[in-house]
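Participant: Residue numbers (the UniProt record's numbering): 1 to 135.
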Amino acid sequence: MSSKCAVVLIDDNEVDLFLHEQLLLRAGSFGPVWSFTNPRRALDHLASLPYIDPTERYPIVLLLDIKMPDMDGFSFLDRLDALPASLRRRCHVVLLSATLQIGDTIRAEAHPSVEAFVTKPLTITKLAEIATLVA
């Protein structure tokens, strides 16, 4: 994967967030990694990206936990749809879950923004599979 691929981690579980962040950094093949326990802050950050450096057009992998207390992953996706299309086209959404619940799997497969559904924890092998989304 190109080092110009940013990763946005969104997970209310601070332990999972830390472990996944460390795995991404150890992999060494990713660009900036931004981590958020609050989905609203992640949306604010994404909304600000075109203004931080409007010339940057690198892909963004969103690693999004489904089960979060204030805003679940599917609600996050609904709000993501309100962001500019030019930004959304750069986003590759991967939903993360500690459990495989059939209802979540069906919703994930039906959502047009979701490119993959991965069970936690992330591993080097799973990251390699995710990397093919933006290769």
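C-beta: ideal position from N, C-alpha, C; glycine also. This structure is a prediction, so every number in the text was calculated from the model and none was measured.
Using alpha carbons as the reference points, say which of R89, I124 and I102 lies closest to K115.
Facilitator: Reading off the sequence shown, one finds Glu at residue 115, where the question assumed Lys. Closest option to E115, Cα to Cα, is R89.
Participant: Rounded to the nearest angstrom, what separates L96 and T119 at their Cα positions?
Facilitator: The alpha-carbon atoms of L96 and T119 are separated by roughly 6 Å.
Participant: Give the secondary structure of S97 by DSSP, where H, G and I count as helix, E and B as strand, and everything else as coil.
Facilitator: S97: strand per DSSP, three-state reduction.
Participant: Quickly, what does DSSP pair I60 with across the bridge? List them, please.
Facilitator: Beta-bridge pairing links I60 to A6 and C91.
Participant: Pick helix, strand or coil for F36, following the three-state DSSP scheme.
Facilitator: The answer is strand: DSSP assigns F36 an E or B state.
Participant: Can you grab the Cα-Cα spacing for the pair W34 / D16, in whole Å?
Facilitator: Cα to Cα, W34 sits roughly 14 Å from D16.
Participant: If you drop the 5 nearest sequence neighbours on each side, which residues of the same chain put their C-beta closer than 8 Å to that of D81?
Facilitator: These residues qualify, in order along the chain: R88 and S113.
Participant: Considering only residues of the same chain and omitting the five flanking positions on each side of P59, which have a CB-CB separation below 7 Å?
Facilitator: These residues qualify, in order along the chain: C5, R90, H92 and V134.
Participant: Where does T125 fall in DSSP's three states?
Facilitator: If DSSP states are grouped into helix, strand and coil, T125 belongs with the helices.
Participant: Taking 8 Å as the threshold (C-beta atoms), are D65 and D11 in contact?
Facilitator: Going by C-beta atoms, D11 is nearer than 8 Å to D65.
Participant: Of all the options A27, L25 and F74, which has the alpha carbon lying nearest to the alpha carbon of E109?
Facilitator: Comparing Cα-Cα distances from E109 to each of A27, L25 and F74, the minimum goes to F74.
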